[in-house]
Structures are given as structure tokens and as C-alpha cells.
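**Student:**
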Amino acid sequence: MIPESFLQELLHRVDIVDLIDGYVPLKKAGANYAACCPFHNEKSPSFTVSPTKQFYHCFGCGAHGTAIRFLMEYSGLGFIDAVKELAGRMGMVVPEEAGRVRHEGPRTAELTEVMGKAAQYYFEQLKHSDKAKEYLKRRGLTGEIALKFRIGYAPEGKYGLKGAFPNYDAPELEKAGLVKQTEDGRRYDRFRDRVMFPIINQKNEVIAFGGRVIDQGEPKYLNSPETPLFEKGRELFGLPQARQALREKNTVIVVEGYMDVVALAQHGVGNAVATLGTATTATHVQKLLRQVDRIVYCFDGDAAGRKAAWRGLENSLESLADNKSIGFVFLPPEHDPDSYVRELGKEAFERMIDQAMPLSDFLLKELASHCDLTTSEGKSKLVYEAKPLIQRLATPLLRLQLVKRLAEASSFSQQEVERLCDLKPVARAAPARAPRQALSLPRTLLRLVLHRPDFAARLPLHWLPADSTETRALRRLCEQIKRDADLPSSAMLLERLRGGDDEAILQSAAASLLQSPQSEEESEQEFAGALARLEMNWVEQEFRRLQHKAAGGGLDSEEKREFVHLLQERERLRKAGILAGSGD
Numbered sequence: 001m002i003p004e005s006f007l008q009e010l011l012h013r014v015d016i017v018d019l020i021d022g023y024v025p026l027k028k029a030g031a032n033y034a035a036c037c038p039f040h041n042e043k044s045p046s047f048t049v050s051p052t053k054q055f056y057h058c059f060g061c062g063a064h065g066t067a068i069r070f071l072m073e074y075s076g077l078g079f080i081d082a083v084k085e086l087a088g089r090m091g092m093v094v095p096e097e098a099g100r101v102r103h104e105g106p107r108t109a110e111l112t113e114v115m116g117k118a119a120q121y122y123f124e125q126l127k128h129s130d131k132a133k134e135y136l137k138r139r140g141l142t143g144e145i146a147l148k149f150r151i152g153y154a155p156e157g158k159y160g161l162k163g164a165f166p167n168y169d170a171p172e173l174e175k176a177g178l179v180k181q182t183e184d185g186r187r188y189d190r191f192r193d194r195v196m197f198p199i200i201n202q203k204n205e206v207i208a209f210g211g212r213v214i215d216q217g218e219p220k221y222l223n224s225p226e227t228p229l230f231e232k233g234r235e236l237f238g239l240p241q242a243r244q245a246l247r248e249k250n251t252v253i254v255v256e257g258y259m260d261v262v263a264l265a266q267h268g269v270g271n272a273v274a275t276l277g278t279a280t281t282a283t284h285v286q287k288l289l290r291q292v293d294r295i296v297y298c299f300d301g302d303a304a305g306r307k308a309a310w311r312g313l314e315n316s317l318e319s320l321a322d323n324k325s326i327g328f329v330f331l332p333p334e335h336d337p338d339s340y341v342r343e344l345g346k347e348a349f350e351r352m353i354d355q356a357m358p359l360s361d362f363l364l365k366e367l368a369s370h371c372d373l374t375t376s377e378g379k380s381k382l383v384y385e386a387k388p389l390i391q392r393l394a395t396p397l398l399r400l401q402l403v404k405r406l407a408e409a410s411s412f413s414q415q416e417v418e419r420l421c422d423l424k425p426v427a428r429a430a431p432a433r434a435p436r437q438a439l440s441l442p443r444t445l446l447r448l449v450l451h452r453p454d455f456a457a458r459l460p461l462h463w464l465p466a467d468s469t470e471t472r473a474l475r476r477l478c479e480q481i482k483r484d485a486d487l488p489s490s491a492m493l494l495e496r497l498r499g500g501d502d503e504a505i506l507q508s509a510a511a512s513l514l515q516s517p518q519s520e521e522e523s524e525q526e527f528a529g530a531l532a533r534l535e536m537n538w539v540e541q542e543f544r545r546l547q548h549k550a551a552g553g554g555l556d557s558e559e560k561r562e563f564v565h566l567l568q569e570r571e572r573l574r575k576a577g578i579l580a581g582s583g584d
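When we follow UniProt numbering, the leftmost residue of the sequence shown carries the number 1, and every step to the right adds one.
1) Just grab the DSSP bridge partners of P198 for me.
2) Any idea which residues DSSP pairs N223 with across the strands?
3) Which residue from L236, L506, S490 puts its Cα closest to that of T471?
4) Assign V17 to one of three DSSP states: helix, strand, or coil.
5) Under the DSSP definition of a beta bridge, which residues are partnered with L331?
6) Run the CB neighbour count on G327, radius 10 Å, all protein chains shown included, and call it buried at 16 or more, exposed below.
7) State the Cα-Cα distance for the pair P332 and G238, rounded to the nearest angstrom.
8) Note the first and the last residue of the continuous beta strand (DSSP E) segment covering I151.
9) So K27 is in the alpha helix (DSSP H); what residue range does that whole segment cover?
10) Mapping the DSSP letters down to three states, classify N32 as helix, strand or coil.
11) Tell me, which residues are paired with T48 by DSSP?
12) When you compare each of L71, Q120, G60 to I16 by their alpha carbons, which one comes out closest?
13) Between A245 and I145, how many whole angstroms is the CB-CB distance? I'm expecting something under 8 Å.
14) Give the DSSP-derived three-state secondary structure of I145 in the structure shown.
15) Helix, strand or coil for K232, going by three-state DSSP, please let me know.
16) By alpha-carbon positions, which one of V179, G152, L493 ends up nearest to L161?
17) My assumption, with CB atoms under 8 Å, is that A119 sits in contact with P225. Please give the rounded CB distance.
18) Might you give, ordered along the chain, the residues of its own chain that have their beta carbon closer than 8 Å to the beta carbon of T475, omitting 5 neighbours on each side?
19) Where DSSP assigns a beta bridge to H64, which residues make up the other side?
20) To which residues of the same chain is Q391 closer than 8 Å at the C-beta, ignoring the five residues directly before and after it?
21) Using a Cβ cut-off of 8 Å (strictly closer), state whether H128 contacts chain D.
22) Apart from the five residues just before and just after R436, which ones in its own chain have a Cβ nearer than 7 Å to its Cβ?
23) With D338 as the anchor, note down where its alpha helix (DSSP H) starts and where it stops.
24) Taking 8 Å as the threshold (C-beta atoms), are F55 and L494 in contact?
25) If you check the beta carbons only, do residue 585 and R572 fall under 8 Å apart?
26) If you follow the beta strand (DSSP E) that Q181 is in, where does it begin and where does it stop?
27) Please state whether the Cβ-Cβ distance between A321 and T395 is less than 8 Å.
28) Taking a contact to mean a Cβ-Cβ separation below 8 Å, would you say N315 touches A356 in this structure?
29) Return the chain-ordered list of same chain residues with a C-beta closer than 8 Å to the C-beta of F230, the five sequence neighbours on each side being excluded.
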């Protein structure tokens, strides 16, 4: 692990404006800088960079983060590589690179070199395997497409890689997932008698492999284990090869197998990718929606395919924007994407993709299939099942459409569905001079603490209201700040909490800082007001609780003292003009 103190120092030294301006020309826009977003197509600049907070946010696609995150997303680097890249620019040496890595195992560069050598070995072996070449010919693949995807072959023997690595006992081979080890310490090749598909990152480096069995055997696909180079929940097979087609089509097709991606490319459908032995993750969706405006999941129509599609739907909800869309295609039982495009052709396949079932249709159709909509119970169940999904939708327009359709299907009114699903009504046109709705108190405090981390020490956490998403995020943010010996910056806090349950709400709070920057004096005044409201709410809540208990069964001596204290506090707040008279 890279020490937190080093990351703090690195983010303190890096100027995110200078960094991003080297990739995307920035223009001054008030207190911040702006540009057209590098992660999605747009004509008007919505990508904003804050020199004071040292983070960026796109109000179009939601891309957000620190200098480290920018390098990861823009250049396709892993976390450690991004830190090393930034450190090199600042003339700093990553502590892990300086000492600890040499004791704990091979460095990333050494593993990358090993994987590249293995990929070349497998590619050469394909030339000498009639069985593997015949298999690829039967699947309709040409040498040109095999070269594009660097397809290779792992020989049948247990020790084939000895031909590429004279030092078969080198620790890099096991760390990279190329060999396995028995209990008595003997090594053997992980991949044997399989067609090999290299998994390539954005820097065109081989980071893992997928091996497909040629004849009968299990598993059908064997993937590399997770390694320092490879996280299956972040990577997609075929993405580097699909880049040009993605720009042209503005649509990505997600399929289940490597062979499907390659076969589609063979027939001119170059915008397909595949997950790597795992369901589509939220990270996959975010990565794809920053490059295209539309994702189409293309799976088998059986139970397994529909289950995979549903997981894709669930992990897409929070990443959707109103200018993005998700579609679903379910193939006939006798086909997979490979066989479909070979038998019916490119035009038929692309026509099917163009007519994909929209996310809203799939969501409602799938939920309705589990409910008897001829009964009141079934209609109630439909709303109950839809509630957690609709709550996760970040797109107000699509959410409104779904609520209307859910109301029609369930015989509830639109307002009843919104209330039953605990949804705040979608903003409608406000009358002239109507005041803007205030942020909730926890969200206001979340924004203020992110703006001024020193506020955390002055915030009594026991005053916070009952548990909610915003309250939990605020508690965790304050706890993170208080754990630090040195006061962390806003950028450091966002980096530390990246990938956690609170990331979306923290991004929203950070975005509001960019929209409404404050001076130190203004933030002090707002924080003092928020503390006063927080104290008022807590005192009133505790007073009502004890008042209710006294009416029901009496108070013990300690509770009576607390009750008297709360009476005094209410009087103090009333005199200060914070608490209005209630007549009690």
C-alpha cells in the first residue's frame, strides 16, 4: 500500500489545472476553469476544474475526481501507475517503489514484461498448432482478425511456458497468474490446450488472458486470476480494439464471450466488448458511458442470459444520465452473437441492435413477470419491487416516465407512486419569484465540511438527525477527517473515499462547491447557521421524546435532570431567536 501521507503530499504538490490543461485546453471561467469534457461528446463546455479544491467535475456525464482519478480515466492507468506518473512529474519517489515492493514481490513493470512475453509465446504457438488453426477457421476467423486480437494457443503440456521462460521458477510467473503451484511446491502452466485471448489495457499492454477450450472440457472459458495488473471488475475484453468503431457508432454492444467479440469484428461489427468472467459492474458501465451515449446488452434469451441482463440493468441505474440510454437484446435459443451474425449477416444483427428493448421496458416487463397484475396484491408487489430500483435512478426525466408507467400498471396515481417509493417530486417549473428549495441540513453540512475539513472538529455528530444516506455520508466524512493526524484537503478526502458507498453523494456535494464557490467568511456564517439549526432540531427532538415518555410512564432521576436542562436550552434558543415559541 502507498502511505496516505505520501498521497496527501503528492496531491498538495500537483496543480490539477496544469495537469489537465496538458491534455485538454482549459479556459478561465470565474473562479474555475472549463473545457468540453474529454470523457463524452459535447458542444458546450460542462467540464469544470477547481484550482482551489483541486478536483474536476463534468456536469454533463458526471465524471469527477482528483488528479489521480483524471490520469486513471483519461490514460487508462491503474491506481498505482497513475500515482507513479504524477510522482515522476513532481520529482517524487513512491515509497512502495523505493523499498517495499522489492521485498514483497515483482513490480508492475516486471509483470507487464512477463505478460507481453507470454502473449508472444502463445501467438507463435498458434502457427504450429493445426488443431487450433482449424478451430479458428471453423469459427470463420481470418489471420487478419487473429492478429488484430493477438489470438494465440497454449500447448497441451504442463510445462509449455518453459520454452519462453528459462527461469520457470521466477516469482513473476506465479504473481502474473501464468503458472500454478501444487502443495509440494511443483509448478505447472495454468493454461493448457486452449485458444488464448490476451486482455489488453488502454496502454496496449497485455494484463491477463482468457483461454477457450477447443474440444469438450470445463470450464469453457478459463480466465487469469486477479493480479496487481488485472481487476476483472474494471476491464473489458476488446475495448482497445473497439475504440474507432465506438466513436463512429456512439454505441457499445456488451456480449458474454470473447469469441462473440472476435466473430462480430470479423463480420464488420467492431463496437462489441465482453466482460471477463463476471457480471457487468458499475465501473464497467461508467467506463463505457464516458465513451458512448448508448449501451446495448446482447445476451442469450435463456434464464442465465436474462439474469446477466438484469445484473447489467441494476448496475447501470446510478450511472445513467438523461442523454444516455441502455438497451437489451435477447437472442433466439438457437443462436449466440457469433452464430447469428454468421448465419443472418451484419445488417440483420445491427438492425436487431438498433431495435433493442429500452431499459424502462425491460425493467417493467421483468418485474411484471413476477406479479399477478389482475390482483390488488400483485399490483402492490409491482410497486414494492420497483421501489429500490427507481430510487437508484439518477435521471429525473427517465424516472418520471417510469413513475407514470408504474402508476398505469398498478392503478395507483402518479403522486401515490412517488409517495410509496419515497421519491421527492421531480422539479417542475416554479412560479415567478418563488424561492429556491433549500438543501437538507445534512447535505448542507456535507458540502460545508468537504469545503472546510476543519469544520469536522466543531460538528457534534450526536446532534445529527436519524439515519439517512446523507447523514451516513457526513458521519463517515467526519470520521475520516478526525482519523488523520494532519488535516486532509478536499481532494485527498475525495481520493480516500473513492469507490465507497458514499462516492455519488460526495461527488454531488463537491459539484455544488464548483457551482457556488464561497469565501471563508461566507462559509463560516453558513456553518454557524447550520449548527444553530442542528442544535435546535436536536433539542426539540430530545424534549419531545422525554415529554412523551413522561406522559406515558414517568422519568427516572437522570431523565428528569435532562428534561430540566432541555427546558433551559429551549428557553435560551427562544431568546436568541433560533427557536420560535411553541406555547408549551
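Positions of the beta carbon are idealized from the N, C-alpha and C atoms, including for glycine. If you're wondering where the values come from, they're calculated on a predicted model, not measured in any experiment.
**Tutor:** Per the coordinate set shown:
1) F209, per the DSSP bridge assignment.
2) BP columns for N223 point to G210.
3) Per the Cα distances, L506.
4) Looking at V17 - three-state DSSP - the assignment turns out to be helix.
5) Paired residue(s): D300.
6) Buried, by the Cβ-count rule.
7) Roughly 24 Å separates the two Cα atoms.
8) I151 -> no beta strand (DSSP E), and no H or E assigned at all.
9) Unbroken run through K27 is the beta strand (DSSP E), 27-29; no alpha helix (DSSP H).
10) In the structure shown, N32 sits in a strand (DSSP, three-state: E or B).
11) Paired residue(s): A34, H57.
12) Of the candidates L71, Q120, G60, the residue whose Cα lies closest to the Cα of I16 is L71.
13) Contact between A245 and I145 is ruled out by a C-beta separation of about 14 Å, above the 8 Å threshold.
14) Helix.
15) Looking at K232 - three-state DSSP - the assignment turns out to be coil, as it is neither helix nor strand.
16) The candidate whose alpha carbon is nearest that of L161 is V179.
17) Contact flag wrong, Cβ pair sits at about 17 Å.
18) Per the sequence shown, residue 475 should be read as Arg rather than Thr. Within the same chain, and ignoring the five residues on either side of R475 in sequence, the residues whose Cβ sits closer than 8 Å to its Cβ are L461, L464.
19) According to the DSSP secondary-structure assignment, H64 is paired through a beta bridge with H57.
20) Counting only Cβ-Cβ distances below 8 Å, and skipping sequence neighbours, we find C421, D422, L423.
21) The structure shown contains no chain D; it holds only a single protein chain.
22) With a pLDDT of only 41 at R436, under the threshold of 50, the placement of this residue in the model should not be trusted; the figure read from the coordinates follows. Closer than 7 Å at Cβ, skipping near neighbours: no residue.
23) Where D338 is concerned, the enclosing alpha helix (DSSP H) stretches over 337-344.
24) Yes.
25) In this structure the chain extends from 1 to 584, so residue 585 is not present and cannot be described.
26) That run of the beta strand (DSSP E) goes 179-181.
27) Yes; because the gap between Cβ atoms is below 8 Å, this pair is in contact.
28) No Cβ-Cβ contact shorter than 8 Å links N315 with A356.
29) Only G177, I199, I207, A208, S224 meet the Cβ criterion.
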